[in-house]
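**Student:** Take this structure first; my questions come after.
In this note's numbering, the protein residues as written are 1317 to 1660.
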C-alpha cells in the first residue's frame, strides 16, 4: 500500500489518518436541544421590589427573572440580593408553573461573586437558571460555571442550575458561535438589544425600536446570527426587551419578527406585554391541526413505501415533518403547563 493511501486509511475508531485533523467534526454532527423549557414570555422584575416579584410569580409569564443588575441601583445591590434569596425560598415557583431565573451582575463588577455565592449557598436548590449579562467570550461563562460547580458540590445540592447568556455587546456577537459551543450548563442565549445598541453606537428611537432611516429591521442580522448559533448547538433563542410599553403594536410587531427568525420567546418588561408574547409565540390551533395532519400523511406515505406526500395541494416531506414536530412540541408544552390550572 502506498504512503498516500496509508495516510488516508480509517483506523478502528472510524477516523482517518493524518488527513483527518483531531477534533474535526463531520457534517452529520448534531447537537440536540440541551434543555426544553416553555419560554414564550420572560418577565423581568427587580429584586429590589419584593411586591413586584410576588405579583410576577402569579402572572401568566412562562419565565420570571429576578434582576440584580441593571434594574437595581448600586446602593440597593446588597438588599436586592438578600430579597432574591428570600423570595426564591418563600415562593413556590414550580407550583405556580414558573421557570425562575436570576440575572446576576456582570463579571466586570465586584457584585458578581457575592451574587453567585449567596444565591447558590442559600437558594441553590430553588433556582432554575442564572442569567449572565454581557457575555463577551466563552471564558466569562467558564468562571460562573466553575463557581456554581464548586458550590453545588460543597453544599450537596442535587438540583442542577442552568446558565443563560445575554448577548448584548459587539464582542459577544462577534464571538456568539464560540459562546454557543461552550456546553456545560449553558442552555439559552438572549438578545439584549439595549446594551447592544449602545455597544454598536447604533441610532435607535427606543429600546428595541426601529430607526426609520433604516430600510427594515436593523436588528434582523444580529438576531439571525444569534439564532443560528443557538440552533446549531442545541440552545434556546430568546429575544430581549421592547422599552415602550405604551406601544403594544410595536411590541407585537417586534415579537412577530423575532418569531419569524426562530426565537421562541421574548422579554416582557411590563406585565402588559406578557399576554402579547404568549400569543405571538403560541402556535394557533389551525397551525397545530395542520402539523398533526402532516405527521399523519407522512406516516401513511411511509407505509406505502413513499418518501413524500401531498397535503392541500402542496408537497410535504421529511423537512415538513421536522417543522410540524416543532409546532406540536410547543403545543404540548403549553398544554402541559395549563393542565394543572384547568384541574383546579
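No residue lacks a Cβ here, since even glycine has one placed at the ideal position from N, Cα and C.
In the DSSP assignment, what are the bridge partners of residue 1498?
**Tutor:** According to DSSP, residue 1498 bridges with nothing at all.
**Student:** With a 10 Å radius around its C-beta and 16 neighbouring C-beta atoms as the bar for buried, classify residue 1337 as buried or exposed.
**Tutor:** Because the pLDDT of residue 1337 is 49, which lies under 50, any placement of that residue in the model is unreliable, and the number read from its coordinates should be weighed accordingly. Residue 1337 should be labelled exposed.
**Student:** For the stretch 1518-1530 against the stretch 1571-1581, are there 3 or more C-beta pairs whose distance is under 8 Å?
**Tutor:** Touching, no.
**Student:** Go through the stretch 1348-1402 residue by residue and report every complete run of the alpha helix (DSSP H) that reaches 4 residues or more, in order.
**Tutor:** List check, alpha helix (DSSP H) in window: 1366-1373.
**Student:** Can the beta-carbon of residue 1378 be found less than 9 Å from the beta-carbon of residue 1392?
**Tutor:** Going by C-beta atoms, residue 1378 is not nearer than 9 Å to residue 1392.
**Student:** If you drop the 5 nearest sequence neighbours on each side, which residues of the same chain put their C-beta closer than 8 Å to that of residue 1617?
**Tutor:** For residue 1617, where only same-chain residues beyond five positions count, the Cβ hits under 8 Å are 1623, 1624 and 1625.
**Student:** For residue 1583, list the residues DSSP reports as bridge partners.
**Tutor:** Note: residue 1583 sits in a beta bridge opposite 1358.
**Student:** Rank 1491, 1422, 1588 and 1363 by C-alpha distance to the C-alpha of residue 1544 and give the top, closest one.
**Tutor:** Comparing Cα positions, the closest option is 1491.
**Student:** Do the stretch 1380-1400 and the stretch 1588-1596 make contact, defined as three or more Cβ pairs closer than 8 Å?
**Tutor:** These segments do not touch.
**Student:** Since residue 1480 sits in a beta bridge, which residues does DSSP pair it with?
**Tutor:** Beta-bridge pairing links residue 1480 to 1447 and 1504.
**Student:** How is residue 1419 classed by DSSP in three states: helix, strand or coil?
**Tutor:** Of the three classes helix, strand and coil, the one that applies to residue 1419 here is strand, per DSSP.
**Student:** State the DSSP-derived secondary structure class of residue 1408, mapped to helix, strand or coil.
**Tutor:** In the structure shown, residue 1408 sits in coil (DSSP, three-state: anything other than H, G, I, E or B).
**Student:** Might you give, ordered along the chain, the residues of its own chain that have their beta carbon closer than 6 Å to the beta carbon of residue 1407, omitting 5 neighbours on each side?
**Tutor:** Contacts found: 1373.
**Student:** Just to confirm, is the Cβ distance from residue 1554 to residue 1355 under 9 Å?
**Tutor:** For residue 1554 and residue 1355, yes; Cβs fall inside 9 Å.
**Student:** Residues in its own chain within less than 6 Å of residue 1647 by CB, not counting five upstream and five downstream?
**Tutor:** Correct list, in chain order: 1599 and 1604.
**Student:** Using the Cβ count rule (16 or more neighbours within 10 Å means buried), how would you classify residue 1628?
**Tutor:** So residue 1628 ends up on the exposed side.
**Student:** Let me confirm a value: residue 1405 is counted as buried when at least 16 other C-beta atoms fall within 10 Å, else exposed. Which label applies?
**Tutor:** With fewer than 16 Cβ atoms within 10 Å of its Cβ, residue 1405 is classed as exposed.
**Student:** Looking at the unbroken alpha helix (DSSP H) that takes in residue 1470, where does it start and where does it end?
**Tutor:** Unbroken alpha helix (DSSP H) run through residue 1470: 1454-1471.
**Student:** Using a Cβ-Cβ cutoff of less than 6 Å, which residues in the same chain neighbour residue 1415 once the five nearest sequence positions on both sides are dropped?
**Tutor:** The residues are 1353, 1379 and 1444.
**Student:** Given a threshold of 16 other Cβ atoms within 10 Å of its Cβ, counted over all protein chains shown, does residue 1538 qualify as buried or as exposed?
**Tutor:** With 16 or more Cβ atoms within 10 Å of its Cβ, residue 1538 is classed as buried.
**Student:** Which partner residues does residue 1626 have in the DSSP bridge list?
**Tutor:** Residue 1626 is bridged to 1631.
**Student:** Out of 1476, 1456, 1619 and 1512, which has the shortest C-alpha to C-alpha gap to residue 1498?
**Tutor:** Measuring from the Cα of residue 1498, the nearest candidate turns out to be 1456.
**Student:** Which partner residues of residue 1554 appear in the DSSP bridge assignment?
**Tutor:** Looking at the DSSP assignment, residue 1554 forms a beta bridge with 1506 and 1581.
**Student:** Taking the alpha-carbon positions, what's the residue 1441 to residue 1506 distance?
**Tutor:** Approximately 23 Å, taken between the alpha carbons.
**Student:** Taking the straight line between their C-alpha atoms, what separation do you get for residue 1413 and residue 1653?
**Tutor:** Those two C-alpha atoms are separated by around 6 Å.
**Student:** According to the neighbour-count rule (16 or more other Cβ atoms, all chains shown, within 10 Å of its Cβ), is residue 1521 buried or exposed?
**Tutor:** Residue 1521 should be labelled exposed.
**Student:** Between the Cα of residue 1375 and the Cα atoms of 1345, 1530 and 1411, which residue gives the shortest distance?
**Tutor:** Closest option to residue 1375, Cα to Cα, is 1411.
**Student:** Tell me the residue span of the alpha helix (DSSP H) that contains residue 1538.
**Tutor:** Segment 1536-1548, the alpha helix (DSSP H) holding residue 1538.
**Student:** Using three-state DSSP, classify residue 1440 as helix, strand or coil.
**Tutor:** The answer is coil: DSSP assigns residue 1440 none of H, G, I, E or B.
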